[in-house]
Amino acid sequence: NISGLLAAVLRIIHGIEIWAQQCGQPEVPAFRIVHGEDSSPGRWPWMAAIYIQEEKNSTTFTFCGGSLIGPRHILTAAHCTKQRRSNCSDCQFYLKLGDFDLKRDDEPSSVQTFNVVEVREHPLYKYSSEGSYHDLAIIVLDRTPQRSRYVMPLCLPPPSVRSETFAGQNATMVGWGSTAYSGINLIFMIENNPRWLQISFSKQSTASNANFCVGEYERGGKNAYQGDSGGPLMLKHDGRWIQIGIDSFGPINERPYSPSVYTRVTEYMDWIQENIKE
């Protein structure tokens, strides 16, 4: 009946509001990040490790990061999902929350594993040799995660900051991957706190209002590296961590003036909010 349907809708809306109110406040005091520093379990409880499994040979590997931003929703890069699916027809995604060391099965955090029921890439996503455009996607999980000190959502930018450029501010990136461009594979979480700013690009550049650049340009380094694709760029706002970027593409080495490029979350808030509705 109509009253029952209305009650169900209100419960869903209330659940989303409660979830959003409890975001961005970890209980733990504060592929890898280049020149990063070791993190600790529970410090970044919204971090998602995205896996892909090839059915024909049961090969499984981690290939991207993401962030928990809704009751069953992970924000990541579209190139993580669309390119992989186009290159592997029999591949299946699954995902872990609460993980810290990807090679340990005895994590203190009680890692939660999820199947993926839907992937929603931005409809204007485009990949080219120069980079990625509109590079974001929402992954929908098969169930709602159990909240704990190791699993909780990251806040999206509030309306008050949606016109901000964030130029010159300190932001934090987190991920699993490599701590050096030598390709050493380390599998516990690392965090990095670069100073970054928006810089000017030529008309041929892939950077735009929908992207920004991150890194220590004067001497190179402290950029995200392969294995961190899809992971969040965050800063503290009013006592909560908010996500302002999604790792999209970066430099192939540590040359000065070779920043990483992030998708600007504030440019896509309407699309994100529409796609995290239950």
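For the sequence shown, the residue numbers in mature numbering (1 follows the signal peptide of the UniProt record, and there is no 0) are -20 to -1, 1 to 258. C-beta atoms are modelled at their ideal positions from N, C-alpha and C, and glycine is treated no differently. Keep in mind it's a predicted model, so treat the numbers as computed, not measured.
query	result
Range of the contiguous alpha helix (DSSP H) that encloses isoleucine 252	249 to 255
Residue from Pro137, Tyr242 and Ala190 with nearest C-alpha to glutamine 223	Pro137
Reduced DSSP secondary structure (H/G/I, E/B, other) of valine 245	helix
DSSP state of alanine 151 mapped onto helix, strand, coil	coil
Rounded Cβ spacing between glycine 4 and arginine 220 (contact assumed at less than 8 Å)	3 Å
Cysteine 60, DSSP secondary structure in three states	helix
Three or more C-beta pairs below 8 Å linking the stretch 99 to 118 and the stretch 50 to 59	yes
Distance CB(tyrosine 74)-CB(glutamine 126) smaller than 9 Å	no
Closest by C-alpha distance to alanine 257, when choosing among Trp26, Leu121 and Asn189	Checking the displayed sequence, the identity of residue 257 turns out to be lysine instead of alanine. Taking only the C-alpha atoms, the option nearest lysine 257 is Leu121.
Three-way DSSP call (helix, strand, coil) for serine 128 in this model	strand
Three-state class that DSSP yields for serine 109 in the structure shown	coil
Candidates Val154, Met132, Trp156 and Asn191, of which the one nearest alanine 147 by Cα	Asn191
Helix, strand or coil at proline 139 according to DSSP, with G and I counted as helix	helix
Cβ shell of proline 6 (< 8 Å), same chain only, five flanking positions each side left out	Gly22, Arg23, Trp24, Pro25, Arg129, Met132 and Trp221
Limits of the beta strand (DSSP E) - the one that tryptophan 221 falls within	220 to 229
Assumed close pair tyrosine 242, aspartate 218 - CB separation to whole angstroms, cut-off 8 Å	The pair is not a contact, with the Cβ atoms about 22 Å apart (cut-off 8 Å).
DSSP-derived helix/strand/coil call for serine 24	Note on identity: in this sequence residue 24 is tryptophan, with serine being the wrong assignment. Of the three classes helix, strand and coil, the one that applies to tryptophan 24 here is coil, per DSSP.
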